[in-house]
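Student: Would you mind keeping the following structure in view while I ask a few things?
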Amino acid sequence: MTNVSFENIHLPAATHYGLRHYQLRPDQCFSIDDHFHLMYELMWFRDISASVTIQERSYSLRANSLLFVPSLMVHRMKTEAKRQDFFLLQYEAGLYADLDLLPQQQPMLLPLITELEERDAERMNHLTGWLEQVEEGPQQLLLKQSLMRTLLLFVAQLQHQQRHLQSSEFSGHRAQSGMNKVFPLLQRLESDPKLQISLDDAASYCGMSRYHFSRTFKTLLGQNFKDYLLKRKISAAVGLLINTELTIAEIAYQCEFTDSAYFCAKFKQQMGQTPRQFRNGVLQANEFATSE
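At position 124 of the sequence shown (counting the first as 1) the number is 124 in full-length UniProt numbering, and the numbers step up by one without a gap.
What follows is the structure in structure tokens.
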């Protein structure tokens, strides 16, 4: 993965998410090169003029735009010299368990870029503004979780609506029906602890031929099925590198790689560093944060 950086985001202690509100002047425009991270990223733009590129597909961002970027998905962004007012929510997958969101209620590993109509924009302003104002503390925890849950359910709903719009990229009833069958597969995979499934089994689950499934999956997610499975494995491996003391070989086995050498090679290809280098970097960063 050339010229792509891994962004290691640090969240507040004992939380699975971080919410920030940015209000920038026109002279504070910025450009962020290709990067990816393990967290999910949700951005609500009250006012913006920018472009974002996800998996080499470019989109324009204007006022009342909502952007959702799944974990491990390469993206970049460039803003123009204009006033910017936006919220940035970054969260770990563990937040879904905190909010009791079932797999079918969670935003899926699909990017979402949409400009909301006035009614939905008012709803987003209300939710993000309220979340920003809620104070920290156990008495406010249930309110925060309720607001966050409503926000993520709304994103999942918008993804399902976008699914039907994207079906216009295909022709014919058979193709559209095939697209609809890919979404249940994604939901099943995201809730299944098993990381590996063959292309033939995935196509069979969707009731599609191998070729038709591969073409539909690539068009929908901007990556082939093999790369999607690899990213699932890398994501699981990163979690074990951060949260356990398992050896590299043990992690390779748990994440269903054929051997540790192959795991290390694929990890470096995706993350730009070896598993050991990544683990050491996280430990050093955590020590630095603790000493502040």
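Beta carbons are placed, not taken as given, at the ideal position from N, Cα and C, and that holds for glycine.
As the structure is a computational prediction, the values presented were derived from the model and not from experiment.
1) Report yes if the CB atom of T79 is closer than 8 Å to the CB atom of I48, and no otherwise.
2) Thinking C-alpha only, which one of A97, L66, M77 and F45 is nearest H16?
3) Determine the extent of the alpha helix (DSSP H) in which K226 is found, giving its start and end residues.
4) Can you list, in chain order, the stretches of the beta strand (DSSP E) that have 3 or more residues and sit fully within the segment 33-86?
5) Mind listing, in chain order, the continuous beta strand (DSSP E) runs of no fewer than 3 residues lying wholly within the segment 136-162?
6) Pick helix, strand or coil for R119, following the three-state DSSP scheme.
7) What does I197 pair with, by DSSP beta-bridge criteria?
8) With 16 as the cutoff for other CB atoms within 10 Å, does I32 come out buried or exposed?
9) Rounded to whole angstroms, what's the CA-CA distance from G239 to C206? Just pull it up for me.
10) What residues in its chain sit with their C-beta under 7 Å from that of H21, if we drop five residues either side in the sequence?
11) Name the two residues that bound the continuous beta strand (DSSP E) containing R20.
12) Under 8 Å by Cβ, that's how I've got L38 and L72 pegged, so tell me the actual separation to the nearest angstrom.
13) Would you call the CB atoms of F36 and V74 closer than 8 Å?
14) To which residues does DSSP link L88 through a beta bridge?
15) How many Å lie between A63 and I54 at the Cα?
16) Start and end of the alpha helix (DSSP H) containing G207?
17) Would you list the one or two residues that DSSP bridges to L99?
18) My output table needs one value for L112: the three-state DSSP class, helix, strand or coil.
19) Determine the direct distance from the alpha carbon of W44 to that of L19, and round the result to whole angstroms.
20) Indicate whether the contact test is met: 3 or more Cβ pairs, each with one atom in the segment 100-110 and one in the segment 178-187, closer than 8 Å.
21) Closest to K268 by C-alpha separation, out of L246, L230 and E250, would be which residue?
22) For the candidate residues M108, C255 and N224, whose alpha-carbon lies nearest to that of A237?
23) Taking 7 Å as the cut-off, is the C-beta of L101 nearer than that to any heavy atom in the ligand NAP?
24) Nearest to T150 by CA position, among L99, M271 and I242, is which residue?
25) Between the alpha carbons of R83 and Q23, how many angstroms are there, rounded?
26) Who are S31's beta bridge partners in DSSP?
27) Between T219 and M208, is the Cβ-Cβ spacing less than 8 Å?
Tutor: The relevant details are as follows:
1) The answer is yes: Cβ separation under 8 Å.
2) Of A97, L66, M77 and F45, the residue nearest in Cα terms is A97.
3) F225 to N243 is the span of the alpha helix (DSSP H), which, as asked, contains K226.
4) Fully enclosed beta strand (DSSP E) runs of no fewer than 3 residues occupy 40-47, 50-54, 57-61, 65-69 and 75-79 of the segment 33-86, in order along the chain.
5) The beta strand (DSSP E) runs lying completely inside the segment 136-162 and spanning 3 residues or more number zero.
6) If DSSP states are grouped into helix, strand and coil, R119 belongs with the helices.
7) According to DSSP, which records beta bridges pairwise, I197 is partnered with nothing at all.
8) I32 is classed as exposed because its beta carbon has fewer than 16 other beta carbons within 10 Å across all chains shown.
9) CA-CA distance, G239 to C206, rounds to 29 Å.
10) Around H21, the same chain offers F87 and E132 as residues with beta carbons nearer than 7 Å, after the five sequence neighbours per side are excluded.
11) Y17 to L24 is the extent of the beta strand (DSSP E) around R20.
12) About 7 Å separates the Cβ atoms of L38 and L72, confirming a contact at the 8 Å cut-off.
13) A contact, by the Cβ cut-off of 8 Å.
14) Checking the DSSP bridge columns, you'll see L88 partnered with R20 and M43.
15) Straight-line Cα distance between these residues: approximately 19 Å.
16) From DSSP, G207 is part of no alpha helix (DSSP H); its letter is neither H nor E.
17) BP columns for L99 are empty, so no partner.
18) Looking at L112 - three-state DSSP - the assignment turns out to be strand.
19) Going from the Cα of L19 to the Cα of W44 covers about 11 Å.
20) At 8 Å Cβ cutoff, the stretches touch.
21) With distances taken between CA atoms, K268 lies nearest to L230 out of L246, L230 and E250.
22) When only C-alpha atoms are compared, the closest one is C255.
23) With respect to the ligand NAP, the structure offers nothing, as it holds no ligand at all.
24) Of the candidates L99, M271 and I242, the residue whose Cα lies closest to the Cα of T150 is L99.
25) About 8 Å.
26) Residue pairing for S31: DSSP places it in a beta bridge opposite K78.
27) Their beta carbons are not under 8 Å apart, which means T219 does not touch M208 by this criterion.
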